[in-house]
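First comes the structure, then the notes that go with it.
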Amino acid sequence: MERAGPWLAIPWDPAVIYHVFANRKNIGDWLCARAMQSLLDQPVVELMCDEPFVADTLARLSAAGPEDLVLIGGGGLLMDYFQPFWVGFEPLSRRLPFCLWGVGCCDMKRVDSAVDADLIARIVRRSRLCVVRDQLTRESLRGCDIPEPVRCPSITAVTARPLGHGVLHVDCLDNVGEPVYETMNAVASGFAADTGRPFQRINNRIKKADEQALMAMLDDYAQADVILTGRLHGCIIGLAMGRRVLAVSGDWKIESFMRAAGLQDWVLGLPEAHLIAGRLRALDRQRTPVAFLEAAREANRAVAQTVRDLAGAPRTATRRA
1 MERAGPWLAI PWDPAVIYHV FANRKNIGDW LCARAMQSLL DQPVVELMCD
51 EPFVADTLAR LSAAGPEDLV LIGGGGLLMD YFQPFWVGFE PLSRRLPFCL
101 WGVGCCDMKR VDSAVDADLI ARIVRRSRLC VVRDQLTRES LRGCDIPEPV
151 RCPSITAVTA RPLGHGVLHV DCLDNVGEPV YETMNAVASG FAADTGRPFQ
201 RINNRIKKAD EQALMAMLDD YAQADVILTG RLHGCIIGLA MGRRVLAVSG
251 DWKIESFMRA AGLQDWVLGL PEAHLIAGRL RALDRQRTPV AFLEAAREAN
301 RAVAQTVRDL AGAPRTATRR A
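The sequence shown: position 79 = 79 (this note's numbering), numbered continuously.
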C-alpha cells in the first residue's frame, strides 16, 4: 500500500491503535509519547522499540491486522541503535496501516549514528502519514515528499512555570565526550557558585519508569532559571518551561532545533567549550521564543487531528504491552 501523499487521510475504524516509542526511562522519549497520546485522546496499546523490547514488539505487531493502526514516534528513532526495529518492521509495513509522527534522526558528531537510509525511505513511502520533528530529518528524507517539519510533540506537554533560581546541567556524556562533559560540569557549577545559585546535574534518565519520577525530573527543570545542556530535550523542556538555555552540541539535531527557534547563537560546538562561561554570563539577553513554541503546539494539535481522522473511533481500552 503505497502512500499517495504525505497528508492523505483514508479513514477506517481500527480495532487497535498500537503506539510504538523508544522507552520510558529517557524522559524526552517518554514525555514525547505521553504528549502524543494526550493530543490524540484515543486509547492505545503501548509498545517500545528500545533494543530489549524489539522482539516482543515485533511479535505483537505481527499479530496485528489491516484494521489496526500503528503509530510510531516520537523521538530520535532514525538512528543505528533502532535499526533492529526498522528491519523487523519493514515487512510489516507492507501490510499494516501506520503513521510516523515526531520522529527524528540522530546525527552525532563523534560517531557514525546513521540508520540504513534506503530502508527508512522504503518504510516512509508506505506510511499513511509522516511528520518529522526537524529540517535535519526532512532533508535526510528529501526523496520521500514529506511535509514541513513539526517540532517535537513534547513541547505540548510542558508549559511555562514560575521561574526558579538555579543552574541545571543536563548532561549527555556519550554525545559530547568526557573532556567536554567535565568542562561543562565545572563551568556550570562554578557559574552557579559565583552567582549564588544552587547547582544540579541530571541526564534526563530515570531509574524507575513511573510518573512520579518523571514529574520529579521536570521539577528539577522548574527549580532552575539557567540550563546548560548537551541534550536536545534539555533545550526543548527548558525553553517550553521559560528557562534560558545554552547548548553544547555533539549531535546536529540540536543545531537544527535551536536554529528553528531563532536561538542558533546559543549553541556551541564541541571545540567551543572554552566559550561556555562567557555565554552563560550573557544568557540574560536570551528571550523565550514564545511564538515558535505556540506554533509548535498548534501544529502538533493539527497532526493529532489528522491521525484521529485516519484512525476513526478505536474500540479498545488503553493497555501497555
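Where is the CB? At the ideal position from N, CA and C, for every residue including glycine.
Computed from a predicted model, the values in this text were never measured in an experiment.
Same chain, Cβ closer than 7 angstroms to residue i, neighbours up to 5 away in sequence not counted
i: residue 26; result: 204 and 205
i: residue 165; result: 197 and 225
i: residue 307; result: 40, 71, 99, 101 and 129
i: residue 3; result: With a pLDDT of 41 at residue 3, under the threshold of 50, the modelled position of that residue is not reliable, and no figure is offered here.
Cβ-based neighbour list, residue i, same chain, cut-off 8 angstroms, excluding 5 preceding and 5 following
i: residue 217; result: 27, 202, 204 and 206
i: residue 279; result: 246, 266 and 268
i: residue 66; result: 95, 96 and 97
Assigned exposure category for residue i - 16 Cβ within 10 Å defines buried
i: residue 253; result: buried
i: residue 38; result: exposed
i: residue 301; result: exposed
i: residue 319; result: Caution applies to residue 319, whose pLDDT of 37 falls short of 50 and renders its modelled position unreliable; the value that the coordinates give is listed next. Exposed, because fewer than 16 other Cβ atoms sit within 10 Å of the Cβ of residue 319.
i: residue 230; result: buried
i: residue 271; result: exposed
i: residue 59; result: exposed
i: residue 287; result: exposed
i: residue 110; result: exposed
i: residue 151; result: buried
i: residue 149; result: buried
i: residue 264; result: exposed
i: residue 19; result: buried
i: residue 194; result: exposed
i: residue 10; result: With a pLDDT of only 47 at residue 10, under the threshold of 50, the placement of this residue in the model should not be trusted; the figure read from the coordinates follows. Exposed, because fewer than 16 other Cβ atoms sit within 10 Å of the Cβ of residue 10.
i: residue 5; result: Legend: pLDDT at residue 5 = 44, less than 50; position of this residue unreliable, value from coordinates given subsequently. The residue is exposed, with fewer than 16 neighbouring Cβ atoms inside 10 Å.
i: residue 315; result: At residue 315 the pLDDT is 38, less than 50, meaning the model places this residue with poor confidence; the figure from the coordinates comes in the next sentence. Label assigned to residue 315: exposed.
i: residue 238; result: buried
i: residue 112; result: exposed
i: residue 73; result: buried
Pair within 7 angstroms by beta-carbon distance, residue i and residue j
i: residue 241; j: residue 158; result: yes
i: residue 153; j: residue 35; result: yes
i: residue 128; j: residue 144; result: no
i: residue 29; j: residue 75; result: yes
i: residue 192; j: residue 199; result: yes
i: residue 115; j: residue 135; result: no
i: residue 176; j: residue 234; result: no
i: residue 291; j: residue 183; result: no
i: residue 78; j: residue 17; result: no
i: residue 104; j: residue 137; result: yes
i: residue 156; j: residue 297; result: yes
i: residue 373; j: residue 50; result: The first residue shown for the chain is 1 and the last is 321, placing residue 373 beyond what the model contains.
i: residue 303; j: residue 131; result: yes
i: residue 141; j: residue 92; result: no
Per DSSP, the bridge partner or partners of residue i
i: residue 44; result: Its beta-bridge partners do not exist; DSSP assigns none.
i: residue 132; result: 103
i: residue 21; result: 48
i: residue 168; result: 200 and 227
i: residue 26; result: 205
Residues near residue i by beta carbon distance below 6 angstroms, same chain, minus five either side
i: residue 122; result: none
i: residue 214; result: 27
i: residue 188; result: 167, 169 and 228
i: residue 31; result: 154 and 157
Next on the checklist: For a minimum of 4 consecutive residues, which ranges assigned as the alpha helix (DSSP H) are wholly contained in the stretch 248 to 315?
Outcome noted: Entirely contained in the stretch 248 to 315, the alpha helix (DSSP H) runs reaching 4 residues are, in chain order, 252 to 260, 276 to 282 and 290 to 311.
Next on the checklist: In chain order, what are the residue ranges of uninterrupted beta strand (DSSP E) at least 3 long that sit wholly in the stretch 93 to 117?
Outcome noted: 98 to 105
Item to check | Completely contained alpha helix (DSSP H) runs for the stretch 179 to 262, where each covers 4 or more residues | outcome: 211 to 222, 232 to 240 and 252 to 260
Checklist entry - In chain order, which alpha helix (DSSP H) runs of at least 4 residues are fully inside the stretch 58 to 93? => result 83 to 92
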